[in-house]
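Read in order, the letters of the sequence shown are residues 6 to 801 in our numbering. Yeah, the Cβ is synthetic: ideal placement off N, Cα and C, and Gly gets one too. Note that the structure is predicted; figures quoted are calculated from it, not measured.
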Amino acid sequence: MKFTNGCWVDAENTAIFSPAQVYEHTVEPERVRLVCPTGRIASRGATLGGVVLTVEITAPAEGVLRVRTYHYAGALNCGPAFDLVEAQTGWLKTEEKDGSIIARSGELAAEIDIESARVVFTHAGRRVTALEDRGLSYVKTAWGGRDGLYYDPSSEDAWMRAQLSLAVNEHIYGLGERFGAFVRNGQSVDLWNEDGGTSTDIAYKNVPFFLSSRGYGVFVNHPGRVSFEIGSENVSKTGFAVKGEALDFFLFDGPGPKDVLARYTALTGRPPLPAPWTFGLWLSTSFTTNYDEQTVSSFVDGMAERGIPLSVFHFDCFWMRAFRWCDFEFDPAMFPDPAGMLARLKEKGLRICLWINPYVGQESPLFEEGAKAGYFLKRRDGSVWQWDMWQPGLAIVDFTNPDARAWYAEKLRRLVDLGADCFKTDFGERIPADAVYFDGSDPEKMHNYYAYLYNKTVHDALAEKKGEDEAFLFARSATAGSQKFPVHWGGDCWSTYEAMEQTLRGGLSLTSSGFGFWSHDIGGFERRSTADIYKRWLAFGLLSSHSRLHGSDSVRVPWSYDEEAVDVARFFTRLKMRLMPYIYSAAREAHETGAPVMRAMMLEFPEDRNCDYLATQYMFGESLLVAPVLNDESRAEYYLPEGRWTHLLTGDEREGGRWYAEHCGYMSVPLFARAGSIIPVGARDDGPDYDYADGVTFFCYARSGENRVYSGGAEVTGRDGAVSCSIALSGDAAGCAVKFEGDTPCRVVLVHAGIPKAVEGAAFELPRDGLMLTLEMQPDDLVLAFDGAGTATIRF
């Protein structure tokens with residue numbers, strides 16, 4: 006929200022009060038407290054009135070500073086509040102000198118100038134950002150005062166605002182899943198969850214966290230609407246404002262963007278490690294298509310007959326009767342034997358996903374039950390809050406009521422007993438801002454936060470029945486902390502190349518906001534894509550962390566397009582299955598550190614200015630670069646950062662630091678391994694859930710340089726999240742040592758190593774006809790074979 010009209014004039018009827026000095030300060034072991042009048046105190050008389058802001062700085066963790074500013078300390082705070090990790094103690098270090106106070110946490114410091122109340126944030130002595138003129142402000146937008154000393158206390162139009170400085174060439178990212186320009190600079194962003202598709206500036210997943218290219222991040226600890234002006238009200242400032250009497254934000258140190266994400270997700274939570282089956286291919290009935298058990302079986306059997314491995318089958322909305330959503334009952338006309346049907350599908354090796362939402366239509370038998378028990382949101386007159394969107398007389402479950410949560414969860418547990426394995430938690434965005442909650446929560450703050458409680462309820466119900474490692478959702482709405490309940494998909498996109506690009510951009514924005522996993526509807530959702538778009542989207546979708554075929558009014562089985570689409574679906578599905586040892590290790594990294602599986606280029610290459618704006622390609626884990634084809638001309642355009650890059654499928658090498666454009670067939674996509682990478686590739690391609698260590702092949706790529714040097718390491722993660730085998734290479738231009746630790750056989754491929762002078766400790770060969778199904782070996786690759794743990798020495 007803009008409070009000024011240019012540099013010199015405040016908006017009409019607006020008054021802005023900002024600290025003029027630090028009049029009094031207190032330094033405590035865990036807190037620095039500043040009393041900041043908004044006018045200069047030149048005499049005792051100046052202390053008799055006027056606005057005073059209190060600023061408290063704490064250090065809840067290493068490299069993290071929390072800044073809380075408030076006007077009225079007694080203002081009512083009805084909640085809710087984000088579920089944050091408890092603050093640590095002992096990290097705050099303070100120093101007073103030369104008219105300033107310095108508050109440190111690790112290498113992050115806040116330097117407070119007592120005379121002006123300005124605050125400069127530094128990393129290891131280097132300035133990263135600052136609260137300067139009007140850096141902190143209390144704002145009244147229905148001003149009735151004079152001379153800055155009096156205002157109408159009956160006015161409810163109070164805001165708290167912060168403005169952090171924006172440096173030259175500084176870029177801001179994040180704020181959730183946003184589909185517009187990837188770099189937020191120049192944008193006005195209101196964080197308010199809405200159901201609006203993927204081609205506007207509104208979003209399903211609003212997260213009050215942003216990432217800066219200068220090596221810091223900011224989390225605004227406010228679950229309701231947060232208004233951001235990123236270089237838009239003042240081109241050299243990032244402003245954020247909330248209604249009320251207090252503003253609370255955390256500033257996270259880097260120095261790199263992945264370090265910032267690690268600190269942010271340590272505070273707001275990280276995802277569990279998803280079960281391997283979730284990474285396989287999901288197939289849906291689609292939304293409004295007609296289907297019954299025979300239709301479902303034809304889809305499932307058709308995939309098997311065509312050699313396309315399928316992991317999950319999803320039933321969308323109409324598994325329930327029309328007008329009855331959600332009654333959690335299969336439509337008996339379409340599915341007379343739901344338990345038997347689900348059992349038959351599971352005998353084919355499938356997991357089952359069911360669509361749900363947090364609403365109960367008036368025609369559902371659960372409506373009367375929930376209304377009588379007080380399980381729904383209410384209006385101020387005590388009646389149930391209802392409307393006719395999506396279902397006639399629809400009511401909304403009140404997840405602040407523990408009994409309502411238990412009631413809703415019990416319906417889900419019964420479905421798990423019937424055969425469901427997971428749930429698509431749709432909707433949760435259109436939550437009224439005038440409703441009354443059981444626990445008295447502020448409805449404005451609950452609007453975005455509702456998504457968190459909704460998905461947490463479903464996740465916890467699954468965890469209770471199936472275990473934490475099996476609890477999995479397919480969610481659309483989210484806020485800060487929702488990353489603990491994976492996975493989230495990109496919402497309702499059109500079936501065009503433009504929508505495909507928007508979807509990718511939104512996904513990279515979300516994963517830059519602390520979300521480790523993400524998915525989208527392959528082929529697009531609204532309307533029906535061309536076969537060309539569908540085949541290009543298959544490559545993109547199956548090189549995403551989670552992959553689902555889903556549409557609105559048309560099915561997404563590949564043979565409904567053409568036979569080549571079947572070949573493309575088979576090829577990329579089986580490729581993903583072979584890459585599961587690599588993908589699952591990347592998933593473990595997301596679980597342990599918060600680094601997402603799908604990463605914007607700037608996350609891996611923060612020093613490369615060419616990557617600042619790149620959102621049409623991404624890193625898949627830390628080692629693989631993917632550049633989807635986004636046009637109907639079969640033209641692939643991509644940028645490779647500095648270093649040597651090797652195409653994973655063909656072995657072709659490219660030098661980095663430049664752009665490329667080339668023709669790309671449907672059975673390929675720019676998929677490059679980074680120099681120095683080691684990519685573990687599995688022995689199976691028929692599904693995602695197997696022993697990744699058994700028969701694994703490590704593809705090792707030399708580090709950049711004139712001579713080929715192989716060094717580094719890689720681990721294979723088992724089903725339990727532990728390391729099941731590993732490889733370590735150390736060497737120079739003259740040779741290298743390869744150490745394998747594990748109990749099962751493996752192979753090691755030194756890509757383009759050529760013929761060695763000698764190999765000791767392992768059998769070796771040079772490939773002849775190509776030893777891999779989809780990853781072709783080159784004539785100059787060196788292949789080592791280990792029967793178990795051992796060390797080999799190679800001389801070149």
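message: Once the 5 residues before and after Asn-18 are set aside, which same chain residues still bring their CB inside 7 angstroms of it?
response: Locating residue 18 in the sequence shown gives position 13, counting from the first residue. The answer, listed in chain order, is Thr-146, Ala-147 and Trp-148.
Residue interval of the alpha helix (DSSP H) (run including Glu-352): Residue numbering aside, residue 352 sits at position 347 when the sequence shown is read from its first letter. Residues 343-352.
message: Helix, strand or coil for Glu-503? Go by DSSP, reduced to three states.
response: Working through the sequence shown from its first residue, we reach residue 503 at position 498. Helix.
- request: For my contact list, Ala-678 and Trp-650 are in at a C-beta cut-off of 8 angstroms; report their separation, rounded to the angstrom.
  value: To locate residue 678, count along the sequence shown from 1; it is residue 673. To locate residue 650, count along the sequence shown from 1; it is residue 645. The pair is a contact, with the Cβ atoms about 7 angstroms apart (cut-off 8 angstroms).
field: Which listed residue (Asp-297, Trp-164, Trp-197 and Pro-228) has its alpha carbon closest to that of Gly-244
entry: Position 239 of the sequence shown, counted from the start, is the residue given in the question as residue 244. For Gly-244, the nearest C-alpha among the options comes from Trp-164.
- prompt: In chain order, what residues of the same chain have a beta carbon less than 6 angstroms from the beta carbon of Arg-356, not counting five sequence neighbours either side?
  reply: Counting from one through the sequence shown, the residue named residue 356 turns up at place 351. These residues qualify, in order along the chain: Trp-282, Val-317 and Asp-426.
query: Between Gln-367 and Ser-518, what straight-line distance do the alpha-carbon atoms span, to the nearest angstrom?
result: Locating residue 367 in the sequence shown gives position 362, where the first residue counts as 1. Locating residue 518 in the sequence shown gives position 513, where the first residue counts as 1. Looking at the two C-alpha atoms, the distance is approximately 37 angstroms.
message: On the criterion of 16 or more Cβ atoms from any shown chain inside 10 Å, does Trp-523 qualify as buried, or is it exposed?
response: The residue given as residue 523 occupies position 518 in the sequence shown. Its Cβ being crowded by 16 or more others within 10 Å, Trp-523 is buried.
- request: Leaving aside the five residues before and after Glu-100 along the sequence, list all residues of the same chain whose C-beta is less than 8 angstroms from its C-beta, in chain order.
  value: Walking along the sequence shown from the start, residue 100 turns up at place 95. Correct list, in chain order: Ile-106, Ile-107 and Arg-109.
Separation of Arg-36 from Leu-70, as counted between CA atoms: On the sequence shown, residue 70 is found 65 positions in, with the first residue counted as 1. On the sequence shown, residue 36 is found 31 positions in, with the first residue counted as 1. Going from the Cα of Leu-70 to the Cα of Arg-36 covers about 10 angstroms.
- request: Quick one: give me the first and last residue of the alpha helix (DSSP H) that Tyr-455 is part of.
  value: As a working mapping, residue 455 is identified with position 450 in the sequence shown. Unbroken alpha helix (DSSP H) run through Tyr-455: 448-471.
- request: Classify Asp-444 as buried or exposed, calling it buried when 16 or more other Cβ atoms lie within 10 Å of its own Cβ.
  value: Here the question's residue 444 lines up with position 439 in the sequence shown. It is exposed - the Cβ of Asp-444 has fewer than 16 other Cβ atoms within 10 Å.
Neighbourhood of Tyr-364 by C-beta distance below 6 angstroms, restricted to the same chain and skipping five residues each side: Your numbering for residue 364 matches position 359 in the sequence shown. Within the same chain, Tyr-364 has close Cβ partners Leu-399 and Ile-401.
query: Are the Cβ atoms of Phe-2 and Leu-180 separated by less than 8 angstroms?
result: The shown model of the chain, from 6 to 801, leaves out residue 2, and the question about it has no answer.
- request: Check whether the Cβ atoms of Asn-211 and Leu-196 sit closer than 8 angstroms, and answer yes or no.
  value: Mapped onto the sequence shown, residue 211 falls at position 206. Mapped onto the sequence shown, residue 196 falls at position 191. Yes, the pair counts as a contact, with Cβ atoms nearer than the cut-off.
message: Let me make sure I understand the geometry here. Which of Asn-295, His-30 and Asp-206 has the alpha-carbon closest to that of Ser-514?
response: Mapped onto the sequence shown, residue 514 falls at position 509. In terms of CA proximity to Ser-514, Asp-206 leads the group Asn-295, His-30 and Asp-206.
query: What's the C-alpha gap between Gly-648 and Arg-663?
result: As a first step, residue 648 must be located in the sequence shown, where it is residue number 643. As a first step, residue 663 must be located in the sequence shown, where it is residue number 658. Spanning the two alpha carbons is a distance of roughly 10 angstroms.
Integer Cβ distance of Leu-547 from Lys-581, believed to fall under 8 angstroms: By one-based count along the sequence shown, residue 547 stands at place 542. By one-based count along the sequence shown, residue 581 stands at place 576. The Cβ separation is near 5 angstroms, so the contact holds.
query: Can you give the Cα-Cα distance for Cys-730 and Val-686, rounded to whole angstroms?
result: Mapped onto the sequence shown, residue 730 falls at position 725. Mapped onto the sequence shown, residue 686 falls at position 681. Approximately 13 angstroms between the Cα atoms of the pair.
query: Got a sec? Which residues, its chain only, sit under 7 angstroms from Leu-584 by beta carbon, not counting five neighbours each side?
result: On the sequence shown, residue 584 is found 579 positions in, with the first residue counted as 1. Within the same chain, Leu-584 has close Cβ partners Val-686.
field: Ile-313 (DSSP reduced to helix, strand or coil)
entry: Stepping through the sequence shown from its first residue, residue 313 is reached at position 308. Residue state, collapsed to three classes: coil.
field: Beta-carbon proximity of Ala-114 to Val-124, cut-off 8 angstroms
entry: For this step, residue 114 is matched to residue 109 along the sequence shown. For this step, residue 124 is matched to residue 119 along the sequence shown. For Ala-114 and Val-124, no; Cβs fall outside 8 angstroms.
query: Which runs of the alpha helix (DSSP H) fall wholly inside the stretch 633-691 and span at least 4 residues, in chain order?
result: Fully enclosed alpha helix (DSSP H) runs of no fewer than 4 residues are not present anywhere in the stretch 633-691.
query: Considering only C-alpha positions, which residue in the set Gly-718, Cys-498 and Ala-414 is nearest to Glu-469?
result: Indexing the sequence shown from 1 puts residue 469 at position 464. Comparing Cα-Cα distances from Glu-469 to each of Gly-718, Cys-498 and Ala-414, the minimum goes to Ala-414.
message: According to DSSP, simplified to helix, strand and coil, what is Asp-696?
response: Working through the sequence shown from its first residue, we reach residue 696 at position 691. Here Asp-696 sits in coil by DSSP.
- request: Give the straight-line distance between the Cα atoms of Gly-84 and Tyr-269, rounded to the nearest whole angstrom.
  value: As a working mapping, residue 84 is identified with position 79 in the sequence shown. As a working mapping, residue 269 is identified with position 264 in the sequence shown. Roughly 21 angstroms separates the two Cα atoms.
Closest residue to Ala-752 among Gly-723, Arg-708 and Phe-704 (Cα-Cα distance): What you label residue 752 is simply residue 747 of the sequence shown in a count that begins at 1. The residue you asked about is not Ala; residue 752 is Arg in the sequence shown. Residue Phe-704 is the option with its Cα nearest to Arg-752.
query: What's the gap between the Cα of Leu-296 and the Cα of Gly-354?
result: Numbered from 1 along the sequence shown, position 291 holds the residue referred to as residue 296. Numbered from 1 along the sequence shown, position 349 holds the residue referred to as residue 354. For clarity, residue 296 is Tyr in the given sequence; the question names Leu instead. Near 21 angstroms, if we compare the C-alpha coordinates of Gly-354 and Tyr-296.
query: CB Leu-39 to CB Gly-726, shorter than 8 angstroms?
result: Locating residue 39 in the sequence shown gives position 34, counting from the first residue. Locating residue 726 in the sequence shown gives position 721, counting from the first residue. No, Cβ-Cβ distance for Leu-39 and Gly-726 is not below 8 angstroms.
query: Nearest to Gly-529 by alpha carbon, out of Ser-291, Glu-67, Tyr-221 and Asn-190?
result: Mapped onto the sequence shown, residue 529 falls at position 524. The option with the nearest alpha carbon to Gly-529 is Ser-291.
query: Are the CB atoms of Gly-496 and Gly-202 nearer to each other than 8 angstroms?
result: Locating residue 496 in the sequence shown gives position 491, counting from the first residue. Locating residue 202 in the sequence shown gives position 197, counting from the first residue. The answer is yes: Cβ separation under 8 angstroms.
task: Could you tell me how far apart the beta carbons of Gly-747 and Gly-793 are, in whole angstroms, since I believe they sit closer than 8 angstroms?
output: By 1-based counting over the sequence shown, the position of residue 747 is 742. By 1-based counting over the sequence shown, the position of residue 793 is 788. Gly-747 to Gly-793, Cβ: 7 angstroms. Contact.
message: Do Leu-787 and Pro-750 have their beta-carbon atoms positioned less than 8 angstroms apart in this structure?
response: Stepping through the sequence shown from its first residue, residue 750 is reached at position 745. Stepping through the sequence shown from its first residue, residue 787 is reached at position 782. Result no, Cβ atoms of Pro-750 and Leu-787 do not sit closer than 8 angstroms.
- prompt: Just reading off the beta strand (DSSP E) that Ile-357 is part of, what are its end residues?
  reply: Residue numbering aside, residue 357 sits at position 352 when the sequence shown is read from its first letter. Note, Ile-357: beta strand (DSSP E), 356-361.
task: Look at the Cβ atom of Leu-169, then the Cβ atom of Val-240, and state whether they are nearer than 8 angstroms.
output: Residue 169 sits at position 164 when you count from the first residue of the sequence shown. Residue 240 sits at position 235 when you count from the first residue of the sequence shown. Contact: no.
message: Measuring only the C-alpha atoms, how far is Arg-418 from Ala-688?
response: Along the sequence shown, read from residue 1 onward, the residue named residue 418 stands at position 413. Along the sequence shown, read from residue 1 onward, the residue named residue 688 stands at position 683. Cα-Cα distance, rounded: 36 angstroms.
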